[in-house]
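J.: Numbering (UniProt numbering), first residue to last: 327 to 632.
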Ligand code: ATP
């Protein structure tokens with residue numbers, strides 16, 4: 327009996343860990359992806375956030391020593407500004423966000439927040455200061471309210487509703503059979519990708535971190551949903567230092583700086599009009615996206631007619 331109770335306890339422990347932890351990429355990495363060697367330095371101090379200026383200084387990174395992923399990455403996101411990273415699949419965009427979160431340590435150079443090397447501060451304080459809206463949010467098998475409140479468990483009902491409103495999901499929730507008490511997740515009501523992302527945005531609005539990482543969904547969203555999500559993202563990133571892995575044109579156009587990443591290097595950088603004028607990789611990506619969205623619009627119009 328004793329032999330059996332240990333594994334059962336362990337399963338219970340795992341279940342609680344997973345239930346508490348597996349809400350989003352942020353937590354998933356802590357459980358699955360984070361190499362064991364990432365620990366707090368002895369005497370690590372909590373991160374002291376002033377404005378939340380993020381700097382990458384000549385950052386080099388590889389997962390496997392024989393395959394460099396990032397080389398000479400240098401950029402700054404001034405406090406409260408937005409920098410967008412674009413580039414082909416596999417260029418290393420998500421890796422940059424993982425390094426900022428310190429899921430991995432850089433192999434060369436350094437990353438600082440308000441002048442403090444992320445390796446010198448406690449991970450707990452770093453994660454508290456940073457919010458991530460991932461592409462794919464995994465929701466708890468619990469109520470909508472619970473899923474939003476997870477961002478700040480002590481938030482009042484009014485604050486949860488306000489966050490939902492800012493995230494453009496309040497009307498949707500109001501129309502659900504049990505409103506905020508509706509069960510969602512695998513065993514409850516299934517939400518669409520765009521709805522789940524707005525729940526994640528509401529959660530992040532409640533958490534109110536000074537630094538934000540947005541990983542936009544690659545999947546095609548209809549124009550209406552895209553506009554709603556964009557409005558929600560604008561709300562959450564206002565006055566926050568924001569690093570966005572961008573797939574949508576509407577985001578990059580307004581970014582304070584766009585970094586074009588190719589094979590682990592920044593090959594072009596600047597604001598949208600400058601990059602267009604340059605006629606390089608960004609300009610060709612832009613042209614291709616424009617064509618794709620025009621084709622999609624035509625298809626939609628044709629389907630609507632038929
Ligand atoms: P996408 O737009 O397709 O999401 P990305 O630009 O975000 O791509 P990354 O996810 O940063 O690209 O991946 C960059 C490279 O690193 C890829 O070649 C990928 O195969 C590799 N890579 C990513 N994660 C790991 C890992 N955990 N171990 C080893 N290699 C990895």
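Positions of the beta carbon are idealized from the N, C-alpha and C atoms, including for glycine.
Kindly indicate the opening and closing residues of the alpha helix (DSSP H) around residue 601.
T.: Numbered from its first residue, the chain shown carries residue 601 at position 275. Residue 601 -> alpha helix (DSSP H) spans 598-604.
J.: Is the beta carbon of residue 420 within less than 6 Å of some heavy atom of the ligand ATP?
T.: As a first step, residue 420 is located in the chain shown; it is residue number 94 there, counting from the start. Indeed, a heavy atom of the ligand ATP lies less than 6 Å from the Cβ.
J.: Classify residue 601: buried if its beta carbon has 16 or more other beta carbons within 10 angstroms, exposed otherwise.
T.: Walking along the chain shown from the start, residue 601 turns up at place 275. It counts as buried.
J.: Helix, strand or coil, according to DSSP, for residue 390 in the structure here?
T.: One-based indexing of the chain shown puts residue 390 at position 64. Here residue 390 sits in strand by DSSP.
J.: Could you please give me the residues that DSSP links to residue 384 through a beta bridge?
T.: Here the question's residue 384 lines up with position 58 in the chain shown. Answer is none; residue 384 lacks a bridge partner.
J.: With DSSP run on the structure shown, which of helix, strand or coil describes residue 634?
T.: Not covered by the structure: residue 634. The range shown for the chain is 327 to 632.
J.: Put residue 371 into one of helix, strand or coil per three-state DSSP.
T.: Locating residue 371 in the chain shown gives position 45, where the first residue counts as 1. Strand, per DSSP.
J.: Given a cut-off of 7 Å, decide if residue 395 and residue 587 are closer than it, judged by their beta-carbon atoms.
T.: In the chain shown, counting from the first residue as 1, residue 587 sits at position 261. In the chain shown, counting from the first residue as 1, residue 395 sits at position 69. No. Outside cutoff.
J.: Which residues mark the beginning and the end of the alpha helix (DSSP H) in which residue 497 is found?
T.: For this step, residue 497 is matched to residue 171 along the chain shown. Looking at the DSSP string, the run of the alpha helix (DSSP H) that includes residue 497 is 496-500.
J.: Are three or more beta carbon pairs between the region 500-510 and the region 464-479 nearer than 8 Å?
T.: yes
J.: Strictly by DSSP, which residues pair up with residue 410?
T.: Here residue 410 corresponds to residue number 84 of the chain shown, with the count starting at 1. For residue 410, which the question treats as bridged, DSSP gives the partners 570, 584.
J.: Please classify residue 461 as buried or exposed, where buried requires at least 16 other C-beta atoms within 10 Å of its C-beta.
T.: As a first step, residue 461 must be located in the chain shown, where it is residue number 135. Buried.
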